[in-house]
Amino acid sequence: MAASQTQIAVAGQEREIPVVRIVARRGWLALDLAELWAYRELLYFFIWRDIKVRYKQTVIGAAWAILQPVLTMLVFSLFFGKLAKIPSGGLPYPIFYYCALLPWMYFAAAMQAATNVVVEQQRVITKVYFPRVVLPISSVLSGLLDFAISFVVFAAMMAYYRIVPTKAVIWLPAFTLLAILTALGVGLWLSALNALYRDVRYVLPFLVQFWMFASPVAYPSSLVPAKWRWFYGLNPMAGVIEGFRWALTGHGEPPGALLAASSAAVGLLVLGGLIYYHAVEGKIADVV
Amino acid sequence: MSRPAIHVESLCKRYRVGERERYFALRDVLTRLVTSPFRRSPQGASDILWALRDVSFDVQPGEVVGLIGRNGAGKTTLLKILSRITHPSSGFAELHGRVGSLLEVGTGFHPELTGRENMYLSGTILGMTKREIDRKFDEIVAFAEIEKFLDTPLKHFSTGMQMRLAFAVAAHLEPEILFVDEVLAVGDIEFQKKCLGKMQEVSNSGRTIVFVSHQMNQIRRLCGRVLWIDGGQVREQGPTGEVVAKYETASLQPGDAAGGRKTCFRKWSIGGEDCVVRDGLREVAFHFQLRLNDPVSQGHFGIAILSDSGSVLAGWGFDNLDIPDGDQEIVLRVPFLPLRPGAYSLTCSVFDRGNNLTGGRLVEQWYALPTLVVDTPPLSHPQDRWAGVFNIPAEIEVESLSRRV
């Protein structure tokens, strides 16, 4: 005991002493990346906790990550596909819908988790300092495990339908990143709003449903008139979903205009989210 | 002296009344926006509440400073600002060194996770790295005494075990500056002592500590200097003994604040000196001074000695007392008081025309301060668990019997 303490004392002298300055207000955008990096272990443990707890609490655990998109895919294929005859651009309906459900289910879950995280973690927020932005980031990233699991099912489906991915598949990480950033951007806004105004949580399920119908999950974006396509793309999930369909199957054309509009929208969403989150951050500990 | 570890200058924190409400509904905000779009906010200057006002002080590296004051005086707000949980409204502070704060035990614990998993989670939230926790793992487990339950979900732990684990993790934080809010008041007395011992060890290792407590015996034991916060401002700062004595005197003479003419207990002592029992095996005389506006007839005087946890260890009551008005001294003599060394609280009360059960009128009740300190050599079992409440000398003899029992 005594030995280990002397060691630490010596190490303390050698180490540069960090200085923390506490002042009334920091700038309007202070995303301190160096600080975020210093707290990477905390981020890791938050993600690890989310995943552990989720898989411990649900009986079917990982099966849920598969059942949810698979069942939805079956219902969509039957009703929107076989009965409503929505055009799928030559793709089998199960593939057409599952391609869209992969990013959509991830986005919906990640965004809802991020919205609630600040309120759920209020005890920790009022007792310990850490960069608050770690919270929505962790909820958005911990959803990726479910995403990966449901992807395995997709691989099996591709094999069954004998569809071989084309070179376009190298774009998939980019579209995944776009989905993550969209969830984060929305999550930043809504989690801050939710901390201040608790009725946000009642609006949330409606928002998710509304957003799904405003995104090309149940239908292709080619149904939208070409001159309105860019406007439609301001919904970043439109770019993400069409991107997934194209990257995974190689069918159709790369969603150029749609994607440009979506990327710009995500950029603004995340930037605005960071600014708003930061503005509210200071008040959160006093309010929650 | 070298550069201070903590430098605080004119720190202020104000809340608008209403901002502290738990939350608003978006609906209300929208309604207000629609009904009166040009009025910015309905609050005026009178709605501002100062939680801290112009607080300045320095803490030198290696110092252990106690923060005392009544509930709501601003102690916790100050710690929260220094721990960067909330922002000050104006002023600034500078901290030189890695900061750890312990405002609650068990921050971040999750009931579904096991003891081991919670150790890592809580440790990281408090600011330890995974490597640090790995290194101290065995030490933490030993301190918490939970070896057998490491892989049991926390929800199956008793409250005591959870507290032990929580404190064990926190106690092994090794920042250069540590903020501690009233967290030593948890768990059973043995464990509290263990925690206090650990805190002392931490403070001896040269770390800077700011420590909030309502228990003056803890403050006396741990802190070299004390800051007394009152109404959001620093009322006194200086050596522990001096400031604590002033604080205790002030907080226990409500009568003086009201002009000094009200009926009240004023002070107490043992044998007219201080409040320390130095020999528990001889007579102890408690002197209570009180001021009465009206005489008491056929009244009652009651006194009790309470432990840390508030249980009554000894109590006496005297009926059919007549006390004239004016300044009085009541002397209570007990032939011996063999209490275990430590700090105790005293409470006493005066009733007029009867006692609490016979319809007497409560004239005055008092939680006496300063606390009663028993400073005698320990005579009972060396292990805390078995030492008990009393401090009574004992001898044993061993004698071999010539025939079988």
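Protein sequences appear in the order of chains A and B.
For the first sequence, my numbering assigns the number 1 to the initial residue and increments by one for each residue that follows.
For the second sequence, my numbering assigns the number 289 to the initial residue and increments by one for each residue that follows.
Don't be surprised by glycine CBs; every beta carbon is placed ideally from N, CA and C.
Excluding five sequence positions before and after Tyr39/A, the CB atoms of its chain that fall closer than 8 Å to its own CB belong to Phe130, Pro131 and Val134, given in chain order. Secondary-structure assignment with DSSP links Gly587/B through a beta bridge to Leu609/B. Distance from the CA of Ala214/A to the CA of Ala279/A, rounded to the nearest whole angstrom, comes to 30 Å.
Chain-order list of chain B residues neighbouring Arg132/A: empty, with the shortest C-beta distance near 10 Å, by a criterion of under 7 Å.
For chain A, the residues of the stretch 380 to 404 of chain B that bring a beta carbon within less than 7 Å of one of its beta carbons are Phe380, Ala381, Glu382, Leu383, His384, Gly385, Arg386, Val387, Ser389, Leu391, Glu392, Thr395, Gly396, His398, Glu400 and Leu401, in chain order. Residue state for Val128/A is assigned as coil, using DSSP reduced to three classes. Take the alpha-carbon of Phe455/B and the one of Val393/B: they are about 6 Å apart. Residue pairing by DSSP places Arg40/A opposite no residue, since no beta bridge is assigned to it. Looking at Asn608/B, Ile591/B and Asp607/B, the one whose alpha-carbon comes closest to that of Val600/B is Ile591/B.
Asn406/B sits buried, since 16 or more C-beta atoms from the chains shown fall within 10 Å of its C-beta. By the C-beta density criterion, Ala459/B is buried, having at least 16 other C-beta atoms within 10 angstroms.
The CB of His460/B never comes closer than 8 Å to any CB in chain A; the least such distance is about 11 Å. Around Arg372/B, the beta-carbon contacts reaching into chain A at under 8 Å are Val20, Ile22 and Tyr129. Not flagged as an interface residue toward chain B: Glu120/A, since no C-beta distance is shorter than 7 Å.
Excluding sequence positions up to five before and after Trp171/A, its CB lies within less than 6 Å of the CB of Ala247, all in the same chain and listed in chain order. Less than 7 Å separates the beta-carbon of Ala114/A from that of Ser139/A. Across the structure, Gly385/B and Val468/B are spaced so that their CA atoms are roughly 16 Å apart. Taken atom to atom, the span from the alpha-carbon of Leu178/A to that of Tyr219/A is near 20 Å. 7 Å or more divides the Cβ of Leu383/B from the Cβ of Ile517/B. Residue range Thr447 to Ala459 is occupied by the alpha helix (DSSP H) that includes Gln450/B.
Counting only runs of 4 or more residues that sit fully inside the stretch 376 to 449 of chain B, the alpha helix (DSSP H) segments are 403 to 413 and 418 to 432, in chain order. Asp640/B is bridged by DSSP to Arg649/B.
Taking a Cβ-Cβ cut-off of 9 Å, Ile336/B has no neighbours in chain A, whose nearest Cβ is about 14 Å from it. By the Cβ neighbour-count rule, Glu351/B is buried, with 16 or more other Cβ atoms within 10 Å of its own. Secondary structure note for Leu184/A: its alpha helix (DSSP H) is the uninterrupted segment Leu172 to Leu196. For Ala285/A, the chain B residues whose Cβ falls inside 8 Å of its Cβ are Lys368, Ile373 and Thr374, in order along the chain.
Assigned with DSSP and collapsed to three states, Cys563/B falls in coil, not helix or strand.
Bounds of any alpha helix (DSSP H) do not take in Val224/A, whose DSSP letter is neither H nor E. Distance check between Ile611/B and each of Thr635/B, Phe639/B, Asp596/B and Arg358/B places Phe639/B closest, using alpha-carbon atoms only. Taking a C-beta distance under 7 Å as the contact criterion, Leu370/B and Lys363/B do not qualify as a contact pair.
If you look at Glu120/A, you'll find it in the alpha helix (DSSP H) that goes Tyr93 to Glu120.
With fewer than 16 other Cβ atoms from the protein chains shown falling within 10 Å of its own Cβ, Thr447/B counts as exposed.
The three-state reading of DSSP puts Lys85/A in coil, since its state is none of H, G, I, E or B.
Every alpha helix (DSSP H) stretch that sits fully inside the stretch 480 to 554 of chain B and reaches 4 residues is listed by chain position as 504 to 510, 528 to 539 and 542 to 545. Our two residues, Val353/B and Asp342/B, have alpha carbons roughly 19 Å apart in a direct line.
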